[in-house]
Amino acid sequence: MKLARMAILVVFALLVFVWLASGQAPSSRPRSDEDGLALTPPMGWYPWNQFGQEPQNEQLIKDMADALIRGGMKDAGYTYIGPDEGICFSRDANGKLTSNLERYPSGLGGLGDYIHGLGLKYALYTDAGTHTCSKAMPGTKGHEFEDMQAFADWRADYVKVDWCNTTGQNPAEAYARLRDAQLAAGRPIVFSLCSWGEGQPWEWAAAVGHLWRTTGDICEPGKASWGNAMKNTEANEKLYRAAGPGHWNDPDMLINGMSGLSEAQNRSFFSLWCVMASPLIAGNDLRSMTEATMRILTNREAIGIDQDPLGIQGRVVRRDGQVEIWAGKRLFDGSQAVLAFNRGAASAQVQVTPGDVGMEESAQFYARDLWAHRTAGPHVGGIRVTIAPSDVALLRISKADDFPLPPVLVADSYRAVLSASAKAPRELTKAITVRNNGSGVLALWKVRPGLPKWLSVTVSQRGNTQSFANKVSTAGLAPGHYHALVRADNREPLSGLAMSAFYYDVDLDVE
Ligand code: GLA
Numbered sequence: 016m017k018l019a020r021m022a023i024l025v026v027f028a029l030l031v032f033v034w035l036a037s038g039q040a041p042s043s044r045p046r047s048d049e050d051g052l053a054l055t056p057p058m059g060w061y062p063w064n065q066f067g068q069e070p071q072n073e074q075l076i077k078d079m080a081d082a083l084i085r086g087g088m089k090d091a092g093y094t095y096i097g098p099d100e101g102i103c104f105s106r107d108a109n110g111k112l113t114s115n116l117e118r119y120p121s122g123l124g125g126l127g128d129y130i131h132g133l134g135l136k137y138a139l140y141t142d143a144g145t146h147t148c149s150k151a152m153p154g155t156k157g158h159e160f161e162d163m164q165a166f167a168d169w170r171a172d173y174v175k176v177d178w179c180n181t182t183g184q185n186p187a188e189a190y191a192r193l194r195d196a197q198l199a200a201g202r203p204i205v206f207s208l209c210s211w212g213e214g215q216p217w218e219w220a221a222a223v224g225h226l227w228r229t230t231g232d233i234c235e236p237g238k239a240s241w242g243n244a245m246k247n248t249e250a251n252e253k254l255y256r257a258a259g260p261g262h263w264n265d266p267d268m269l270i271n272g273m274s275g276l277s278e279a280q281n282r283s284f285f286s287l288w289c290v291m292a293s294p295l296i297a298g299n300d301l302r303s304m305t306e307a308t309m310r311i312l313t314n315r316e317a318i319g320i321d322q323d324p325l326g327i328q329g330r331v332v333r334r335d336g337q338v339e340i341w342a343g344k345r346l347f348d349g350s351q352a353v354l355a356f357n358r359g360a361a362s363a364q365v366q367v368t369p370g371d372v373g374m375e376e377s378a379q380f381y382a383r384d385l386w387a388h389r390t391a392g393p394h395v396g397g398i399r400v401t402i403a404p405s406d407v408a409l410l411r412i413s414k415a416d417d418f419p420l421p422p423v424l425v426a427d428s429y430r431a432v433l434s435a436s437a438k439a440p441r442e443l444t445k446a447i448t449v450r451n452n453g454s455g456v457l458a459l460w461k462v463r464p465g466l467p468k469w470l471s472v473t474v475s476q477r478g479n480t481q482s483f484a485n486k487v488s489t490a491g492l493a494p495g496h497y498h499a500l501v502r503a504d505n506r507e508p509l510s511g512l513a514m515s516a517f518y519y520d521v522d523l524d525v526e
């Protein structure tokens, strides 16, 4: 009897231990497990690299959003756009953030609506310290909860939080507090930590945000630096183990299309960022891009490497003279990415072998050149590639002569707007459509339950486009503004892995 009681006690103690241990677990789980955000590296445009602070204003952001669409970048997957440190807001006497209406006449909420209406997502910027770097804007220190509420009210989808003016602050603590503030504000937002590697965010930030800068700034505004690009590449390469779906190393924004790089360097830079599964946040002036820059930024086959659902960061597996062979990046269809990067000043030849990608040396394989867009093979043994100085060969190696592209989602809008009169209750429908520009056909998106009573959503499919019909019934609704954030989930069909959750806003005005 005594023994039985002891056994019960031991089992009970064990259960308590397991319960306590599991209670601890959520804090170390990737944040994206819950919000489903950024399961592939975020893509978009920020003004800092080209413009710095001064010329940033509403018109510039709107012009860039339009240019991004015109240049085919939206179709290639670039989505997040908005001001960086561009004197967007100040703090009023009550501690509340208010938009700078001189520079942003529609207010930061109005600019967000414009961007959402284009089928793009809204990115904003702030700082974890007392002020932003230029001291022109207030930082979040001591105002974390109010400020993250303001960002949610402005309908931001992405927030970059800088690390200037943080004397005495600890990055892990400060950023965790901002994460808590974002969760309290209730709007799922991609959280981009920008401590330039301070506090070693790759060790803890997956539970806090979705990407973290691993290095200092890649350039001074307006001038690309090849030396800095190489420095950032080397530092970021070492951290490959920390990257994965929903939590990315960020070696800084793109410098493609800025003055200071040759065409070969532009191609190499973009290839390196893709092989490192880095966020692809363009930083050039999209209104005056050359054809060559546009071709690089919208190379869907290179982007497919970056946006691969497995989310593996490639690394240097060997060196042959001045040539680095980057591999270790298995892709969703079982193929492998390989990058041969010539860091030297003379043209070089190297042999890329099946062994570089973990295949037996006698394996028969096809090699697709992702810049020439040509497949060669079948080969047995290695293939010899010739690479110009500072240039690359970006290859995809597969046993099959088939190179599918992962999903690329292109929405017509991220905001459905409806209005009705309270005097005449009505049923209204407004659709949001989303096209998959990747190779496969997606299953129907599953809308998360828990929508407000006045809204129901039905999803239908036609070819590679799905339509979310938002049906609104205004019966019984008092005059006022009603809002819902719809979330839908899906899986990439080849790998079966979760895709980034699809979110959009529904606004209903009852007059
Ligand atoms: C830091 C960041 C940059 C940019 C500037 C703005 O230097 O690393 O990317 O946001 O601040 O001042």
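Residue numbers (our numbering): 16 to 526. All C-beta atoms in this analysis are idealised placements derived from N, C-alpha and C, irrespective of residue type, glycine included. The structure presented is a predicted model; accordingly, all values stated were derived computationally and were not measured.
Given that a residue counts as buried once 16 or more other Cβ atoms are within 10 Å of its Cβ, and exposed if not, what is Ala36? On the sequence shown, position 21 is the one that residue 36 refers to. Note that Ala36 has pLDDT 45, beneath the 50 cutoff, so the model's placement of it is unreliable and the number below is only indicative. Its Cβ having fewer than 16 others within 10 Å, Ala36 is exposed.
Determine the direct distance from the alpha carbon of Ala244 to that of Arg450, and round the result to whole angstroms. Here residue 450 refers to the residue found at position 435 of the sequence shown. Here residue 244 refers to the residue found at position 229 of the sequence shown. The alpha-carbon atoms of Arg450 and Ala244 are separated by roughly 34 Å.
Tell me, please, whether the region 176-187 touches the region 146-154 by the rule of three or more beta-carbon pairs shorter than 8 Å. With a cut-off of 8 Å, the region 146-154 and the region 176-187 count as touching, because enough Cβ pairs lie within range.
Helix, strand or coil at Leu512 according to DSSP, with G and I counted as helix: Position 497 of the sequence shown holds residue 512. Leu512 falls in the coil class under three-state DSSP.
Who are the near neighbours of Thr182 in its chain, counting only those whose CB is closer than 8 Å to its CB and skipping five residues on each side? Numbered from its first residue, the sequence shown carries residue 182 at position 167. So the list reads Gly144, once near-sequence residues are dropped.
8 Å contact criterion, which Arg118 and Ile102 should meet: CB distance rounded: Looking up residue 118 in the sequence shown gives position 103. Looking up residue 102 in the sequence shown gives position 87. With 8 Å as the limit, Arg118 and Ile102 qualify as a contact, their Cβ atoms being about 6 Å apart.
Where Arg202 falls, given that 16 or more other Cβ within 10 Å makes a residue buried: Reading the sequence shown from its first residue, position 187 is the one you call residue 202. By the 10 Å Cβ count, Arg202 comes out buried.
Just checking Trp469 against ligand 1 - is the residue's beta carbon closer than 6 Å to any of the ligand's heavy atoms? Translated into positions along the sequence shown, residue 469 becomes position 454. Trp469 Cβ: outside cutoff for every heavy atom of ligand 1.
For Thr448, name the three-state secondary structure that DSSP assigns. As a working note, residue 448 is residue 433 in the sequence shown. Thr448: strand per DSSP, three-state reduction.
Is the Cβ-Cβ distance between Pro422 and Ala490 less than 7 Å? Taking the first residue of the sequence shown as position 1, residue 422 is located at position 407. Taking the first residue of the sequence shown as position 1, residue 490 is located at position 475. Taking 7 Å as the Cβ cut-off, Pro422 and Ala490 do not qualify as a contacting pair.
Classification of Arg85 by the beta-carbon crowding that lies within 10 angstroms, buried from 16 upward: Walking along the sequence shown from the start, residue 85 turns up at place 70. Exposed.
Could you compute how far the alpha carbon of Pro260 sits from the alpha carbon of Leu52? Here residue 260 is taken as the residue at index 245 of the sequence shown, counted from 1. Here residue 52 is taken as the residue at index 37 of the sequence shown, counted from 1. Cα to Cα, the separation comes out at about 9 Å.
Going by beta carbon distance, what residues of the same chain come within less than 8 Å of Tyr129, once the five residues before and after it are set aside? On the sequence shown, residue 129 is found 114 positions in, with the first residue counted as 1. Cβ within range, chain order: Lys77, Ala80 and Ser121.
What are the residues that DSSP puts in a beta bridge with Met58? On the sequence shown, residue 58 is found 43 positions in, with the first residue counted as 1. As DSSP reads the structure, Met58 sits in a beta bridge with Leu295.
Residues bridged to Gly506 [DSSP beta-bridge criterion]: Within the sequence shown, residue 506 is the residue found at index 491, counting from 1. This sequence places Arg at residue 506; Gly is not what is there. DSSP, once it has assigned bridges, lists Ala513 as partnering Arg506.
Under DSSP, the alpha helix (DSSP H) around Ile76 begins and ends at which residues? Along the sequence shown, read from residue 1 onward, the residue named residue 76 stands at position 61. Ile76 -> alpha helix (DSSP H) spans Glu73 to Arg85.
At what residue ranges does the region 262-335 contain a whole run of the beta strand (DSSP E), taking only runs of 3 or more? 263-265, 295-297 and 330-335
Can you tell me the Cα-Cα spacing of Val1 and Lys486, whole angstroms? Because residue 1 is not part of the residues shown, which for the chain are 16 to 526, the question remains open.
Can you round the beta-carbon distance between Asn299 and Asn271 to whole angstroms, since I take them to be within the 8 Å contact cut? What you label residue 299 is simply residue 284 of the sequence shown in a count that begins at 1. What you label residue 271 is simply residue 256 of the sequence shown in a count that begins at 1. Yes, Asn299 and Asn271 are in contact; Cβ-Cβ is about 6 Å, under 8 Å.
Could you pull out every residue in the same chain whose Cβ sits closer than 7 Å to the Cβ of Arg477, ignoring the five residues on either side in sequence? Here the question's residue 477 lines up with position 462 in the sequence shown. Here the set comprises nothing.
Pull every residue with its beta-carbon under 7 Å away from any heavy atom of ligand 1, and keep them in chain order. Trp63, Gln68, Asp99, Glu100, Tyr140, Thr147, Cys148, Ser149, Lys175, Asp177, Cys179, Cys209, Trp211, Arg228, Asp232, Asp267 and Met268
Rounded to a whole number of angstroms, what is the C-alpha to C-alpha distance between Ala222 and Gln215? Residue 222 sits at position 207 when you count from the first residue of the sequence shown. Residue 215 sits at position 200 when you count from the first residue of the sequence shown. Note on geometry: alpha-carbon atoms of Ala222 and Gln215 lie some 13 Å from one another.
Would the region 411-430 count as touching the region 460-474 if we require 3 or more Cβ pairs under 8 Å? no
When DSSP labels each residue in this structure, what does Tyr518 get in the three-state scheme? For the purposes of this step, residue 518 is taken as the residue at position 503 of the sequence shown. The DSSP-derived three-state label of Tyr518 is strand.
Here's a check: name, in chain order, each residue in its chain whose Cβ is nearer than 8 Å to the Cβ of His131, leaving out the five neighbours to either side. Here residue 131 refers to the residue found at position 116 of the sequence shown. For His131, where only same-chain residues beyond five positions count, the Cβ hits under 8 Å are Tyr137, Arg170, Ser428, Tyr429, Arg430, Tyr519 and Asp520.
Check the C-beta distance from Leu208 over to Gly224 and give it rounded, since I have them as a contact under 8 Å. The sequence position of residue 208 within the sequence shown is 193, counting from 1. The sequence position of residue 224 within the sequence shown is 209, counting from 1. About 5 Å; that satisfies the 8 Å criterion.
Which residue or residues does DSSP assign as beta-bridge partners of Ala435? Indexing the sequence shown from 1 puts residue 435 at position 420. Answer is Val525.
Kindly list the residues whose CB is nearer than 6 Å to the CB of Pro186, restricted to its own chain and excluding five residues on each side of it in sequence; keep chain order. Taking the sequence shown and counting its residues from 1, the one referred to as residue 186 is at position 171. Within the same chain, Ser210, Glu213 and Gly214 come within 6 Å of Pro186 by CB-CB distance, once the 5 residues on both sides are set aside.
Just list the beta strand (DSSP E) runs in the region 464-490, keeping only unbroken ones of 3 residues or longer that don't cross its boundaries, in chain order. 470-477 and 480-488
Does Leu139 come out as helix, strand or coil in the three-state DSSP assignment? Here residue 139 refers to the residue found at position 124 of the sequence shown. Of the three classes helix, strand and coil, the one that applies to Leu139 here is strand, per DSSP.
Can you tell me whether DSSP reads Gln364 as helix, strand or coil? By 1-based counting over the sequence shown, the position of residue 364 is 349. Gln364: strand per DSSP, three-state reduction.
I need the boundaries of the alpha helix (DSSP H) containing Met424, first residue and last residue. As a first step, residue 424 is located in the sequence shown; it is residue number 409 there, counting from the start. It is worth fixing the name first, because residue 424 is Leu in this sequence and not Met. That residue, Leu424, is in no alpha helix (DSSP H); its beta strand (DSSP E) goes Leu424 to Ala426.
Just checking Leu500 against ligand 3 - is the residue's beta carbon closer than 6 Å to any of the ligand's heavy atoms? No copy of ligand 3 appears in this structure; the ligands present are ligand 1.
How should Lys344 be labelled, buried or exposed, when 16 other C-beta atoms within 10 angstroms of its C-beta is the threshold for buried? What you label residue 344 is simply residue 329 of the sequence shown in a count that begins at 1. Lys344 comes out buried.
Considering Cα atoms alone, identify which of Gly329, Ala435, Pro494 and Lys438 is closest to Thr248. As a working note, residue 248 is residue 233 in the sequence shown. Among Gly329, Ala435, Pro494 and Lys438, the Cα nearest to that of Thr248 belongs to Gly329.
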